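Protein chains in written order, with the numbering used here: chain A, 582 to 955; chain B, 582 to 955.
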């Protein structure tokens with residue numbers, strides 16, 4: 582697709598939301614509910630809130646002590662995600678055809694918390710990488726014993742949105758783990774408690790730059806005996822639409838990636854923002870994000886994020902329309918047959934289908950479905 | 582353009598904003614600033630507020646007395662808009678070529694208020710139709726003597742938006758005057774004080790259904806001596822982009838209009854809403870609206886509207902992208918030459934140009950420019 586109109590859209594969103602600076606707003610004190618709604622949530626615009634906002638959290642001091650954590654959670658079984666690469670929910674060579682890619686999910690091992698912390702601190706790429714994360718409201722479940730250490734909601738956000746968070750999730754990892762580009766159907770308030778997280782952000786209007794394609798779902802399984810991972814495609818087969826772009830390709834892949842994903846590499850620079858200990862990022866719904874982390878001195882990065890329901894409104898309708906355009910234009914410009922027929926060999930059409938399914942069902946979406954939705 | 586994706590967009594906005602009822606919300610009491618921001622302004626979604634909200638306005642009783650109005654404004658000169666048809670800022674046969682249309686503006690006659698009221702009450706289509714309206718904050722200017730009779734701002738809107746109205750306008754007319762389809766770059770709170778106003782509303786996502794085309798600007802001039810109107814094209818020539826659709830074509834034109842504007846006539850039904858005396862309509866920025874009126878027993882419809890600045894945010898960027906698509910797709914699908922060249926015989930390209938000019942300049946827009954912008 583000739584991207585001239587899209588390029589204008591990408592630039593205009595940046596100009597309108599961030600002016601000439603292209604810098605994400607930094608607030609020293611929490612916004613009022615009105616200010617948050619008017620300037621950020623309604624405009625689908627991110628900001629960083631300084632650490633003063635969480636200074637009153639016991640977690641900001643207590644969680645620096647591994648001993649405190651292991652004692653408090655001594656009897657907790659938590660969901661530990663194991664991969665050989667540190668890339669869970671990410672694209673990996675297809676085990677049945679190494680020239681193609683699949684969407685690989687981690688081996689999830691219920692693990693006593695003290696063991697889990699040990700595994701995380703000893704994570705090494707190429708060996709076993711452990712990441713404690715489960716996007717199913719795990720903080721109020723598996724980690725309930727820590728619930729007194731943080732605010733159970735972000736009060737100005739709850740007041741603005743008119744209700745508490747639908748999910749609160751805890752993340753404990755080290756530099757070996759990263760999250761590939763994706764978006765969530767939630768308003769996300771992301772607090773780093775220990776270490777740092779490094780986000781690469783793109784607005785929803787950049788959807789064509791992410792090259793969302795369908796990949797067969799696969800799952801890692803890890804054997805305690807052999808200490809080896811096995812990766813197998815799901816049976817029955819299932820396709821997952823996922824971003825094809827990796828913002829940090831290896832030097833030997835860089836050129837290939839740049840020629841395969843020109844809209845990403847030739848378009849406006851993504852927003853890069855580091856969230857330090859105690860700081861909070863407002864990550865607006867539908868924004869694409871890639872996340873890396875730097876651990877603290879003992880080798881841990883710990884974060885808590887609050888997922889609030891988003892409004893499925895005119896912005897969401899505009900997004901679905903935008904995402905559907907590529908397939909549409911190919912049909913209009915290059916296909917003589919009816920646009921009604923959807924070829925399962927045409928990833929664009931599949932993406933359209935997915936968008937519309939997603940939309941039709943959004944009201945009944947379950948937490949799990951939403952967390953994995955594209 | 583094949584409208585299958587557009588049709589989905591039109592339907593989805595309706596489904597998301599209005600569910601299956603397709604009825605505009607009706608509030609019995611004013612929303613809190615948070616409720617207004619969260620459920621209406623942020624979602625670009627209209628509502629009607631019941632007359633209880635303006636019961637405390639002296640205007641709701643005082644303005645029913647023509648004597649009160651003429652006494653209070655006995656020494657005021659007001660801008661009276663005169664046309665032979667009751668259609669100002671509207672499409673009319675081109676005086677130099679009756680087979681084409683032009684964009685005709687009214688003859689604006691500074692008139693002592695008591696005379697103006699007399700002219701309005703005696704307005705007849707085909708003779709002289711007088712409409713007291715001037716979208717330049719006229720209520721706080723020409724009609725300043727009435728300013729104590731209404732709230733000078735809508736407090737919950739001012740608090741939500743973070744400032745007072747940029748313009749407050751007064752409208753006094755009768756059934757002979759109507760406003761053709763257009764949109765404004767403002768959040769609009771529209772209060773009918775006497776009589777009724779009948780709105781036809783379409784969301785911004787329906788822009789292609791309005792068939793916005795360029796028309797040469799023309800102006801009526803009225804001669805007191807002859808009692809006749811003259812319509813002349815502006816010199817130097819100036820084009821105005823305007824909606825081509827008339828929701829109430831005469832029976833003899835109906836068929837022609839339906840074949841000329843299929844997206845309007847075959848798309849989802851527009852929203853029709855009547856605002857009664859004392860009621861307030863929240864007309865979100867960028868919504869297309871057509872307005873007719875029914876006078877009270879003495880032959881007058883009186884309304885006050887509050888224009889608040891809109892946020893030029895991601896919704897606005899999406900709108901500009903959507904509006905630009907038609908020309909773009911014609912270039913992609915039907916034109917082999919570069920999309921960079923803009924033909925001044927191609928109304929689509931002109932519309933795109935207009936959108937982008939408008940966007941580049943929106944920060945410096947003057948009140949007058951905004952009021953006439955498409």
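Note that beta-carbon positions come from the ideal geometry of N, C-alpha and C, so glycine has one too.
All figures in this text were calculated on a predicted structure; none of them were measured in a lab.
What's the C-alpha gap between residue i and residue j?
i, j, result
"residue 608 of chain B", "residue 614 of chain A", "22 Å"
"residue 792 of chain A", "residue 823 of chain A", "8 Å"
"residue 930 of chain B", "residue 870 of chain B", "Residue placement at residue 930 of chain B is flagged as unreliable, the pLDDT there being 29, under the threshold of 50; the coordinate-derived value follows with that caveat. Looking at the two C-alpha atoms, the distance is approximately 24 Å."
"residue 716 of chain A", "residue 749 of chain A", "8 Å"
"residue 786 of chain A", "residue 839 of chain A", "20 Å"
"residue 806 of chain A", "residue 754 of chain A", "24 Å"
"residue 780 of chain A", "residue 762 of chain A", "10 Å"
"residue 588 of chain A", "residue 741 of chain B", "33 Å"
"residue 825 of chain A", "residue 738 of chain B", "44 Å"
"residue 597 of chain B", "residue 590 of chain B", "10 Å"
"residue 764 of chain B", "residue 620 of chain B", "21 Å"
"residue 855 of chain B", "residue 843 of chain B", "26 Å"
"residue 632 of chain B", "residue 632 of chain A", "47 Å"
Find the nearest neighbour of residue i within the set the options, judged by alpha-carbon distance.
i, options, result
"residue 756 of chain B", "B:875, B:588 and B:593", "B:875"
"residue 630 of chain A", "A:864, A:869 and A:889", "A:864"
"residue 698 of chain B", "B:689, B:867, B:880 and B:905", "B:880"
"residue 594 of chain B", "B:905, B:896, B:907 and B:906", "B:896"
"residue 775 of chain A", "A:857, A:705 and A:714", "A:857"
"residue 674 of chain B", "B:635, B:799, B:719 and B:648", "B:799"
"residue 894 of chain A", "A:766, A:836 and A:847", "A:766"
"residue 811 of chain A", "A:597, A:626, A:900 and A:663", "A:663"
"residue 868 of chain A", "A:627, A:733 and A:695", "A:627"
"residue 768 of chain A", "A:790, A:734 and A:795", "A:734"
"residue 846 of chain B", "B:830, B:859, B:861 and B:855", "B:830"
"residue 601 of chain A", "A:900, A:849, A:862 and A:892", "A:849"
"residue 719 of chain A", "A:873, A:635, A:707 and A:659", "A:659"
Helix or strand or just coil, what does DSSP make of residue i?
i, result
"residue 610 of chain A", "coil"
"residue 828 of chain B", "coil"
"residue 943 of chain A", "Model confidence at residue 943 of chain A stands at a pLDDT of 30, short of 50, so the residue's coordinates are unreliable; what they give is reported in the following sentence. Correct three-state label for residue 943 of chain A: helix."
"residue 698 of chain B", "helix"
"residue 788 of chain B", "helix"
"residue 644 of chain B", "coil"
"residue 844 of chain A", "helix"
"residue 868 of chain A", "coil"
"residue 733 of chain B", "coil"
"residue 661 of chain B", "strand"
"residue 778 of chain B", "strand"
"residue 692 of chain B", "strand"
"residue 671 of chain B", "strand"
"residue 739 of chain A", "helix"
"residue 891 of chain A", "coil"
"residue 711 of chain B", "strand"
"residue 650 of chain A", "helix"
Excluding the 5 residues preceding and the 5 following residue i in the sequence, name in chain order all residues of the same chain whose CB lies nearer than 8 Å to its CB.
i, result
"residue 726 of chain A", "653, 654 and 657"
"residue 730 of chain B", "638, 639, 640, 643 and 644"
"residue 752 of chain B", "712, 713, 714, 882, 883, 884, 885 and 886"
"residue 813 of chain A", "676, 799, 800 and 802"
In terms of residues, what are the limits of the beta strand (DSSP E) holding residue i?
i, result
"residue 619 of chain B", "No beta strand (DSSP E) holds residue 619 of chain B; DSSP gives it neither H nor E."
"residue 685 of chain B", "678–686"
"residue 879 of chain A", "From DSSP, residue 879 of chain A is part of no beta strand (DSSP E); its letter is neither H nor E."
"residue 754 of chain B", "748–754"
"residue 794 of chain B", "793–804"
"residue 602 of chain B", "Where residue 602 of chain B is concerned, there is no enclosing beta strand (DSSP E), given that its DSSP letter is neither H nor E."
"residue 811 of chain B", "809–814"
"residue 666 of chain A", "Taken as a continuous stretch (DSSP letters only), residue 666 of chain A belongs to no beta strand (DSSP E), as it is neither H nor E."
"residue 763 of chain B", "759–763"
Starting from residue i, find everything on chain E with Cβ-Cβ shorter than 8 Å and list it in chain order.
i, result
"residue 893 of chain A", "The chain labelled as chain E is not found among the protein chains of the depicted structure, namely A and B."
Go to residue i, then tell me how far its alpha helix (DSSP H) extends in each direction, as first and last residue.
i, result
"residue 727 of chain A", "Where residue 727 of chain A is concerned, there is no enclosing alpha helix (DSSP H), given that its DSSP letter is neither H nor E."
"residue 902 of chain B", "895–915"
"residue 589 of chain A", "585–599"
With respect to 7 Å, is the separation between the Cβ of residue i and the closest non-hydrogen atom of the ligand NAP below this value?
i, result
"residue 774 of chain A", "With respect to the ligand NAP, the structure offers nothing, as it holds no ligand at all."
So, at 7 Å on beta carbons, what are the nonlocal neighbours of residue i in its own chain, with the 5 sequence-adjacent residues on each side left out?
i, result
"residue 650 of chain A", "644 and 698"
"residue 705 of chain B", "757"
Which residues in the same chain as residue i place their Cβ atom closer than 6 Å to its Cβ, once the five residues preceding and following it in sequence are excluded?
i, result
"residue 853 of chain A", "781"
"residue 803 of chain A", "663, 688 and 810"
"residue 821 of chain B", "684, 796 and 798"
"residue 732 of chain A", "none"
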